[in-house]
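Here the sequence shown stands for residues -26 to -1, 1 to 206, where the numbers follow mature numbering (1 follows the signal peptide of the UniProt record, and there is no 0). Built from N, CA and C at the ideal position, the CB exists for glycine as well. Accompanying notes for the structure given below.
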Amino acid sequence: MFSSISIPTPSLALLLLATTAQLVTAVSTITLTQSAAPTATSTSFTSDDTFEKDMLDAQNFYRGEHNASALSWNKSSASVAGKWSSACNFVHSGGPTGENLAAGYANASASVDAWGLEREKYSWKSPGFSEATGHFTQLVWRNTTSVGCGRTSCAGKNGTPGWYVVCEYYPPGNVEGSANQFFKDNVKVQSKGKKTDTVESGVSSEGVGGGERRWGVRILGAVVVVGAVAIW
């Protein structure tokens, strides 16, 4: 018999998974970014090999500056990301992994810069999740070990500008717990470079934030209950 779960949200979708883990309460937040306007096509989008390399190199650039190990490329996650981006719906997939979205940026690296430069707004004195820095914290989350990304040229379809980029992270980051200890352990202060560093010199990474979906995770005995909530 399990005790009831109360999560203060306007709507709640539940997913039940079998587990033998100990009691844990956490929240993982998934974030997205959209640029102000569509941009021209880059070879980093049109070539599969170049896209994979650029996305992996760009994300590991930021992780390296924040004492996080390099991510490996996850082909299964990349396939999921590609399928989701192909619908050109600028909303979250509802999957079990961490997820960052971006649309309308000039190239793959610029999409990652949009997420990474949120570090300028991160409060190191009071670590934790914020809507303004959710992409960054997922990007450099130390416990995340792999990423897979997909992209589609939407060019305005369903209101999604330019190239639509989706990245799936495993294990997911942005996990909240008691006293934000997960953030203290997984989001480390920049150890080299400047907070304004970008992957490519001269690449604009300005974007406007979208919504987040928080994943509330509570493990009780042999059942994991996951609640998804849209926040705009």
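Have a look at residue i and residue j and give me their C-alpha separation to the nearest angstrom.
i	j	result
residue 104	residue 124	25 Å
residue 82	residue 151	32 Å
residue 55	residue 153	32 Å
residue 75	residue 38	21 Å
residue 30	residue 52	11 Å
residue 156	residue 80	33 Å
residue 44	residue 169	19 Å
residue 134	residue 62	6 Å
residue 46	residue 132	32 Å
residue 23	residue 60	18 Å
What first and last residue would you give for the beta strand (DSSP E) that runs through residue i?
i	result
residue 84	Here residue 84 belongs to no beta strand (DSSP E); instead the alpha helix (DSSP H) covers 82 to 90.
residue 30	Unbroken run through residue 30 is the alpha helix (DSSP H), 22 to 39; no beta strand (DSSP E).
residue 75	72 to 77
For a quick check, are the C-beta atoms of residue i and residue j less than 8 Å apart?
i	j	result
residue 142	residue 69	yes
residue 84	residue 64	no
residue 158	residue 101	yes
residue 32	residue 121	no
residue 219	residue 148	As shown, the chain starts at -26 and ends at 206. That puts residue 219 outside it, with no answer to give.
For the alpha helix (DSSP H) containing residue i, list its first residue and its last residue.
i	result
residue 58	49 to 59
residue 111	108 to 113
residue 166	Unbroken run through residue 166: none, as it is neither H nor E.
Which residues does DSSP pair with residue i in a beta bridge?
i	result
residue 137	127
Three or more C-beta pairs below 8 Å linking the segment 153 to 163 and the segment 106 to 124: The answer is yes - the segment 106 to 124 touches the segment 153 to 163, with three or more Cβ pairs under 8 Å.
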